[in-house]
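*Asks:* My structure is below; once you've seen it, I'll send some questions.
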Amino acid sequence: MNDLEAINDILSLEYKGENADLGRMNSYQAAKSIIAFSDYLSAIAKNIYGEKIELTTDIQGIRGESFDIDFYLAIGSYAVSTASFISSPLGFKEYFEFIKETFKAWLHLKGLPPKTIVPQNDNSVKIENHDGQVINVNNSVINIISDSRVGKAVEEFICKPLEGGISELSIKSPKLKDEAKVEKYQAGYFKQIGIEKPLTESEVKMGLQIESPTFKEGNKWRFFDGQNSFMADIKDENFLKKVNLGIERFGKGDTLMVTLRIKQSSTLGNLSLERSVIEVLDHQIPPQQAHLTY
């Protein structure tokens, strides 16, 4: 437990477009956005400082020209996580940087799960999107963008307004003169991102009967293990080379003795099972049945 000085500062949630430029916004949408934005800020605080941290958001005022809501932000210091993104004492600048990093990750991924996530040694991760682009963010950002509560919050205060009459949204720090901004065409990027979370992984040596080989690179083979029929990719490059050169040939009933990796994971609560042949140990051909002559 650390008794540190709390954060007290102001953040502005700014909407632009149509009635917002006149300082007006639908009252129901404004109310929902205020609650959702508070939930989003709270989720970030808990990920940085720990679940026991207390965050309060009070509306400081609403201003015209664009539709701006000023939030007075107070974060207490009851329990600070040892894996904190911000080292003590707590700092509003670092907290705002974390907000910007979550926006950076959503915009980078464009609403799709990461192609790869590679942990680094400095409490960060490299995230590759499906365009092959890579960014580096704090590893707690992954927890934020994959959180279902955060997904609902950003849908309410970002997606719905931008899908309506709002053309641009910004979270601003008047003190830091900095902002995180989203434009209308980016609305669909902000949602709960499905991050694959490994549950179990094991390797076993076993015999698999070949049901359907494939000779197209990257495609999976179909095997039968005596109980179940399933698809699995083959990672053994030496074996695949022999297949391509025609050294390995296959017939009905052929069995491969292999090292099989079985990986169970969860994405957005859905379980998946992935099988991969790591090494082919032996290729067994069934004995030919003798023909009787009369």
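The opening position of the sequence shown corresponds to residue -10 in the numbering used here, with each subsequent residue numbered one higher. Cβ atoms here follow ideal geometry from the backbone N, Cα and C, with glycine treated the same way.
Quick one: residues in its chain with C-beta nearer than 7 Å to the C-beta of residue 163, no 5 flanking neighbours on either side, listed in chain order?
*Replies:* Within the sequence shown, the letter at position 174 stands for residue 163. Hits under 7 Å: -1 and 1.
*Asks:* Given that a residue counts as buried once 16 or more other Cβ atoms are within 10 Å of its Cβ, and exposed if not, what is residue 193?
*Replies:* Taking the sequence shown and counting its residues from 1, the one referred to as residue 193 is at position 204. When all chains shown are included, residue 193 counts as exposed.
*Asks:* In three-state terms, what does DSSP make of residue 91?
*Replies:* As a first step, residue 91 must be located in the sequence shown, where it is residue number 102. Note: residue 91 maps to helix in three-state DSSP.
*Asks:* Measuring CB to CB, does residue 31 end up less than 9 Å from residue 46?
*Replies:* Taking the sequence shown and counting its residues from 1, one reaches residue 31 at position 42. Taking the sequence shown and counting its residues from 1, one reaches residue 46 at position 57. In this structure, residue 46 lies closer than 9 Å to residue 31 by Cβ.
*Asks:* Classify residue 25: buried if its beta carbon has 16 or more other beta carbons within 10 angstroms, exposed otherwise.
*Replies:* For the purposes of this step, residue 25 is taken as residue 36 along the sequence shown, with counting starting at 1. Residue 25 comes out buried.
*Asks:* Would you call the region 163 to 177 in contact with the region 191 to 206, where contact means no fewer than 3 C-beta pairs closer than 8 Å?
*Replies:* Because the criterion of three Cβ pairs below 8 Å is not met, the region 163 to 177 and the region 191 to 206 do not touch.
*Asks:* By the DSSP assignment, the beta strand (DSSP E) with residue 108 in it spans what residues?
*Replies:* In the sequence shown, the residue the question calls residue 108 occupies position 119. First-last of the beta strand (DSSP E) with residue 108: 105 to 108.
*Asks:* Ends of the beta strand (DSSP E) at residue 55?
*Replies:* Translated into the one-based positions of the sequence shown, residue 55 becomes position 66. From DSSP, residue 55 is part of no beta strand (DSSP E); its letter is neither H nor E.
*Asks:* Which word fits residue 8, buried or exposed, when buried means at least 16 other C-beta atoms lie within 10 angstroms of its C-beta?
*Replies:* In the sequence shown, counting from the first residue as 1, residue 8 sits at position 19. Exposed, since its Cβ has fewer than 16 Cβ neighbours within 10 Å.
*Asks:* Determine the direct distance from the alpha carbon of residue 56 to that of residue 157, and round the result to whole angstroms.
*Replies:* On the sequence shown, position 168 is the one that residue 157 refers to. On the sequence shown, position 67 is the one that residue 56 refers to. Taking the straight line from one Cα to the other gives about 11 Å.
*Asks:* What residue range is occupied by the uninterrupted beta strand (DSSP E) comprising residue 124?
*Replies:* For this step, residue 124 is matched to residue 135 along the sequence shown. Run containing residue 124: 123 to 127, per the beta strand (DSSP E) assignment.
*Asks:* Beta carbon of residue 113, beta carbon of residue 125: below 9 Å?
*Replies:* Against the sequence shown, residue 113 aligns to sequence position 124. Against the sequence shown, residue 125 aligns to sequence position 136. Yes.
*Asks:* What would DSSP say about residue 264, mapped onto helix, strand or coil?
*Replies:* Counting from one through the sequence shown, the residue named residue 264 turns up at place 275. Three-state DSSP puts residue 264 in a strand.
*Asks:* Could you spell out where the alpha helix (DSSP H) holding residue 141 opens and where it closes?
*Replies:* Here residue 141 corresponds to residue number 152 of the sequence shown, with the count starting at 1. Looking at the DSSP string, the run of the alpha helix (DSSP H) that includes residue 141 is 137 to 143.
*Asks:* What are the start and end residues of the alpha helix (DSSP H) that includes residue 151?
*Replies:* Working through the sequence shown from its first residue, we reach residue 151 at position 162. 149 to 152 is the extent of the alpha helix (DSSP H) around residue 151.
*Asks:* Count the other CB atoms, across all protein chains shown, that sit within 10 Å of the CB of residue 242; report buried if there are 16 or more and exposed otherwise.
*Replies:* As a first step, residue 242 is located in the sequence shown; it is residue number 253 there, counting from the start. The residue is exposed, with fewer than 16 neighbouring Cβ atoms inside 10 Å.
*Asks:* Which of the three DSSP states is assigned to residue 196 in this structure?
*Replies:* In the sequence shown, counting from the first residue as 1, residue 196 sits at position 207. Reduced to three states, the DSSP call for residue 196 is strand.
*Asks:* Evaluate residue 3 with the Cβ neighbour count: other Cβ atoms within 10 Å of its Cβ, from every protein chain shown; 16 or more gives buried, anything less gives exposed.
*Replies:* Here the question's residue 3 lines up with position 14 in the sequence shown. Classification for residue 3: buried.
*Asks:* In terms of residue numbering, what span does the alpha helix (DSSP H) encompassing residue 11 cover?
*Replies:* For the purposes of this step, residue 11 is taken as residue 22 along the sequence shown, with counting starting at 1. No alpha helix (DSSP H) holds residue 11; DSSP gives it neither H nor E.
*Asks:* Going along the chain, which residues of its own chain have a beta-carbon closer than 8 Å to the beta-carbon of residue 154, five neighbours each way excluded?
*Replies:* Numbered from its first residue, the sequence shown carries residue 154 at position 165. If we look at residue 154 and ignore the five residues flanking it on each side, its Cβ neighbours are 6, 7, 8 and 9.
*Asks:* Is DSSP giving residue 179 helix, strand or coil here?
*Replies:* For the purposes of this step, residue 179 is identified with residue 190 of the sequence shown, where counting begins at 1. In this structure, residue 179 counts as coil in the three-state DSSP scheme.
*Asks:* In chain order, what residues of the same chain lie with their CB nearer than 6 Å to the CB of residue 251, ignoring the 5 residues before and after it?
*Replies:* Against the sequence shown, residue 251 aligns to sequence position 262. Excluding positions up to five away in sequence, the list reads 191 and 264.
*Asks:* Residue 109 to residue 115, Cα distance in whole Å?
*Replies:* One-based indexing of the sequence shown puts residue 109 at position 120. One-based indexing of the sequence shown puts residue 115 at position 126. About 7 Å.
*Asks:* So, is residue 11 buried or exposed, given that buried needs 16 or more other C-beta atoms within 10 angstroms?
*Replies:* For the purposes of this step, residue 11 is taken as the residue at position 22 of the sequence shown. Label assigned to residue 11: exposed.
*Asks:* Reducing DSSP to helix, strand and coil, say where residue 97 ends up.
*Replies:* Residue 97 sits at position 108 when you count from the first residue of the sequence shown. Looking at residue 97 - three-state DSSP - the assignment turns out to be helix.
*Asks:* Have a look at 146, -3, 276 and 207 and flag the residue whose alpha-carbon is nearest the alpha-carbon of residue 20.
*Replies:* On the sequence shown, position 31 is the one that residue 20 refers to. Closest by alpha carbon: 146.
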